[in-house]
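The block underneath contains the structure these notes are about, expressed in structure tokens.
Protein chains: 2
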Amino acid sequence: MAVGQCNFPNMPKVAGIALGTTCAGIKQTIRDDILVVQMPAQASCAAVFTQNAFCAAPVQIAKANLLHQPRWLLVNSGNANAGTGIQGLQDAQACCAELAKIAGGLNQQVLPFSTGVIGMPLPVAKMTAAFPAAIKNLDEANWANAARAIMTTDTFPKGVTKTFDLDGQPITINGISKGAGMIQPNMATLLAFIATDAIIDQALLQTCLAAAVEQSFNLISVDGDTSTNDSCVLMASGCSAAPKITPDSDAYTIFAAAILDVCKQLAEAIIRDGEGATKLIRIHVQEALTDEEAVRVGKTIAHSPLVKTAFFASDPNWGRILAAVGRAGIENLVLENVQIYLNSVCIVKNGGRADDYNEEAGQQVMDQEEITVTVKLGRGLAAQEVLTCDLSYDYVKINAEYRT
Amino acid sequence: MAVGQCNFPNMPKVAGIALGTTCAGIKQTIRDDILVVQMPAQASCAAVFTQNAFCAAPVQIAKANLLHQPRWLLVNSGNANAGTGIQGLQDAQACCAELAKIAGGLNQQVLPFSTGVIGMPLPVAKMTAAFPAAIKNLDEANWANAARAIMTTDTFPKGVTKTFDLDGQPITINGISKGAGMIQPNMATLLAFIATDAIIDQALLQTCLAAAVEQSFNLISVDGDTSTNDSCVLMASGCSAAPKITPDSDAYTIFAAAILDVCKQLAEAIIRDGEGATKLIRIHVQEALTDEEAVRVGKTIAHSPLVKTAFFASDPNWGRILAAVGRAGIENLVLENVQIYLNSVCIVKNGGRADDYNEEAGQQVMDQEEITVTVKLGRGLAAQEVLTCDLSYDYVKINAEYRT
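The listed protein sequences derive, respectively, from chains A and B.
Position 245 of the first sequence, counted from 1, bears residue number 251 in the numbering used here, the numbering being contiguous throughout.
Position 301 of the second sequence, counted from 1, bears residue number 307 in the numbering used here, the numbering being contiguous throughout.
In structure tokens, the structure reads:
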């Protein structure tokens with residue numbers, strides 16, 4: 007299931023970025039489960055990672071290797087190499103070393119990423135045996151295959167592309183992501199890879215990515231569970247003919263906006279593909295004192311199983327939204343100032359059901375596949391948007407049967 | 007569905023406390039939905055209420071009336087009178103006034119409580135028409151009927167009784183509770199009424215109740231949603247022949263322990279009857295720096311939809327428990343010191359799967375109906391226990407179809 011149309015776009019090449027996939031047979035199903043991404047020597051690479059204290063072995067290694075001018079990303083699906091202790095670190099290192107040997111680089115130039123079941127040993131032999139094929143398949147036109155190779159419970163591959171001009175020279179940004187469950191990213195989401203041909207220093211690229219992730223991946227939630235493996239990488243190959251992007255320039259403003267837009271679209275695709283999702287819910291929290299407060303209210307609504315099951319049932323049971331706002335822990339909230347809307351239908355005003363609200367109007371909104379909940383707190387000017395999906399039988403089914 | 011044996015006990019009378027139920031027809035089903043509890047003039051009454059900012063109209067009135075030497079509790083099921091604005095307050099007041107008139111007391115001596123659908127106007131006329139019958143039915147032997155009259159999605163009535171001696175004179179404590187969904191009580195849970203014949207001042211009774219609730223109802227969670235109507239009342243009729251219970255006395259220690267035990271049993275009954283629950287999960291968090299930290303870890307596990315669906319599937323997917331511990335926001339957590347057990351089976355040690363763990367041992371625990379998860383944080387001496395249940399298809403079904 008997925009909410010709305012989610013066609014994979016025609017993705018152009020990003021000069022200098024080559025992608026190769028292959029099947030190592032990590033899970034029983036015969037499908038590509040290995041992705042190698044190669045960057046040119048002059049590329050800059052930025053990344054943000056999960057804040058989960060139990061971060062997975064590949065995350066620990068990728069964090070360290072990010073400082074060593076990375077040339078390759080090595081991604082596998084089907085096994086998260088998380089909760090695997092020292093063995094997990096050794097396994098991830100062994101994979102990096104083998105890939106570096108075949109590709110002709112240094113171990114530290116490989117950033118490893120894993121996604122799949124937690125707590126199972128990484129099948130190192132199977133994986134390394136597949137590396138030559140992945141390297142052989144490296145191709146700048148391989149974005150669609152790459153998006154497919156990183157999927158786990160995803161039902162469709164997720165990609166976004168964007169092109170714009172700087173000084174009359176085109177710059178391309180491509181991004182792919184995966185993720186459907188264990189989604190409440192904190193600083194990054196479970197595997198998003200974005201590449202551009204722009205010329206930009208690593209430090210500025212990192213600033214750009216961190217800001218974009220904060221306003222995109224960090225504002226979505228399927229189930230409130232922050233993964234052990236969340237990672238988002240932004241590569242800049244430096245192959246564009248456009249001038250170098252420098253801090254505080256107009257070019258940076260344009261570039262940063264484009265990156266944010268790509269991140270937002272990739273994040274939304276993850277929610278559309280939320281495990282068991284039948285509805286996309288945009289929660290706009292407005293008139294908050296601070297951004298943090300707005301996010302807190304938005305996430306409390308997004309995590310409420312009662313709100314989510316009501317959306318699944320298309321039941322305008324707005325009392326559950328109101329109860330969620332009430333338990334968000336906002337100090338000195340004046341109930342009489344709070345307003346709640348379903349799309350443009352005002353449902354809560356003056357601490358209770360709006361006088362002119364009628365159930366038919368609410369029902370009409372709830373019957374739709376994409377719904378906007380607007381909460382006006384009546385306290386200030388801050389506003390934030392949190393994206394989530396509903397909670398259906400299929401969420402339970404998918405997660406109860408995940409390992410069978 | 008309910009986890010384990012949940013027979014309603016033979017509840018003795020509590021001298022001075024009379025209970026009367028009747029059917030006002032608030033919902034279509036023909037069943038008692040009104041409960042009136044009467045206390046003698048010399049009784050003390052303590053109560054704690056939800057911390058949800060949108061607290062329901064009856065909660066607001068009960069809080070205020072608690073200061074006026076209450077004589078009656080007026081409880082209805084089927085309608086929460088929450089999110090009903092000024093009309094809701096007027097409706098609750100009208101009910102209190104009518105009951106006081108019939109019973110021969112003052113409006114302020116009535117504490118109102120409502121549970122059921124949020125956001126619908128209270129059917130005042132239906133309710134007040136039923137009050138004479140409820141008053142006529144007042145009887146000290148009516149505990150089982152009372153426990154039934156306050157049920158909503160509960161599948162069984164919940165009651166606990168306890169008797170002990172003070173100075174050779176018996177003291178009885180009876181408690182009833184309801185609740186199955188929207189359960190993450192904060193300071194109290196959705197409707198628990200406890201009565202004793204002990205002689206004790208209101209202030210001390212309030213201290214005793216607040217402490218007991220903190221260690222019982224506030225440590226359970228079905229779905230993480232804190233209700234707008236949570237209330238827990240402790241009445242002391244003062245009719246026992248035992249001496250008055252005074253602060254810092256041995257008698258108080260014994261009494262407080264008995265109240266805590268009653269609260270814990272009532273809270274556990276709510277989790278056993280959690281919406282759609284097939285399993286009871288006791289989460290013991292040990293070796294924490296502080297109680298607060300232990301509760302935080304326990305609740306993060308208890309609220310994880312991924313952990314809860316794994317329990318539903320009887321799948322020893324311990325990686326999800328580990329991921330939940332990791333995202334609980336504990337600063338400077340040393341992963342290598344964390345240990346996780348399923349009953350007595352060690353599953354996580356040294357940051358990964360325990361060496362001697364095998365899936366069969368984990369499966370054997372998971373197949374049971376009652377499971378203890380023990381998390382040792384390796385940081386200190388604080389320990390807390392949080393109770394929760396699994397997340398099943400039926401939780402989604404019950405909450406998707408709640409208003410149909």
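Virtual Cβ for every residue (Gly too), placed ideally from N, Cα, C.
Computed from a predicted model, the values in this text were never measured in an experiment.
- The beta-carbon of F318(A) is placed less than 8 Å from the nearest beta-carbon of chain B.
- Residue contact check for P311(A) against chain B: a CB pair falls below 8 Å.
- In the assembly as shown, S233(B) is a buried residue. Its beta-carbon has 16 or more other beta-carbons within 10 Å.
- Counting along the chain, no beta strand (DSSP E) covers E104(A); the unbroken alpha helix (DSSP H) around it starts and ends at 91 to 109.
- Here A153(B) is not near I200(B), since their CB atoms are 8 Å or more apart.
- Contacts with chain B at 8 Å (Cβ-Cβ) do not include G110(A).
- Within the region 183 to 250 of chain A, complete beta strand (DSSP E) segments of at least 3 residues are found at 196 to 202, 237 to 242, given in chain order.
- Interface residue (Cβ-Cβ distance to chain A less than 8 Å): L172(B) is not classified as such.
- For V20(A), the three-state secondary structure derived from DSSP is coil.
- By the neighbour-count criterion, in which a residue is buried when 16 or more other Cβ atoms sit within 10 angstroms of its Cβ, H309(B) is buried.
- Secondary structure at R288(B): strand, using DSSP grouped into helix, strand and coil.
- Scanning the region 35 to 97 of chain B from its first residue to its last, the whole beta strand (DSSP E) runs of 3-plus residues come out as 40 to 44, 50 to 55, 78 to 85.
- Put simply, of I346(B), C352(B), F223(B), G94(B) the residue whose alpha carbon is nearest the alpha carbon of I277(B) is F223(B).
- Cβ neighbours of K382(A) within its own chain (closer than 6 Å, five residues either side excluded): Q292, E293, Q345.
- Taking the beta carbon of A88(A) as reference, the chain B residues within 7 Å of it are G325, listed in sequence order.
- A Cβ of chain B is located within less than 8 Å of the beta carbon of D229(A).
- For F55(A), the closest of V42(A), L117(A), T35(A), A103(A) by C-alpha to C-alpha distance is L117(A).
- With a threshold of 8 Å between beta carbons, S233(B) makes contact with chain A.
- A direct Cα-to-Cα measurement between L128(B) and D207(B) gives close to 34 Å.
- Relative to A135(A), the option among Q57(A), G357(A), L105(A), L72(A) whose CA is nearest is L105(A).
- Judged by DSSP secondary structure, P118(B) falls within the beta strand (DSSP E) whose first and last residues are 116 to 123.
- Bounds of the beta strand (DSSP E) holding F170(A) are 164 to 172.
- If the five residues before and after Y399(A) are omitted, its C-beta is found closer than 6 Å to no C-beta atom of its own chain.
- Contact annotation: the region 358 to 373 of chain B does not touch the region 360 to 370 of chain A, with fewer than three C-beta pairs closer than 8 Å.
- By the CB criterion at 8 Å, I265(A) and I179(A) fall inside the cutoff.
- At a Cβ-Cβ threshold of 8 Å, G325(B) and G125(A) count as neighbours.
- When DSSP states are grouped into helix, strand and coil, D297(A) belongs to the helix group.
- Taking 8 Å as the CB threshold, L341(B) lines the interface with chain A.
- C269(A): member of the alpha helix (DSSP H) spanning 256 to 278, first to last residue.
- For the pair P15(A) and V130(A), the CB atoms are not nearer than the 8 Å cut-off.
- In this structure, A140(A) and T35(A) do not form a Cβ contact; the two beta carbons are roughly 18 Å apart against a cut-off of 8 Å.
- The three-state secondary structure of P311(A), taken from DSSP, is helix.
- Note that the C-beta distance between M241(A) and S320(A) is not below 8 Å.
- Around the beta-carbon of Q374(B), fewer than 16 other beta-carbon atoms lie within 10 Å, marking it exposed.
- Burial state of S246(B) is buried, judged by a 10 Å Cβ sphere holding 16 or more other Cβ atoms.
- For N180(A), not one C-beta of chain B is nearer than 8 Å to its own C-beta.
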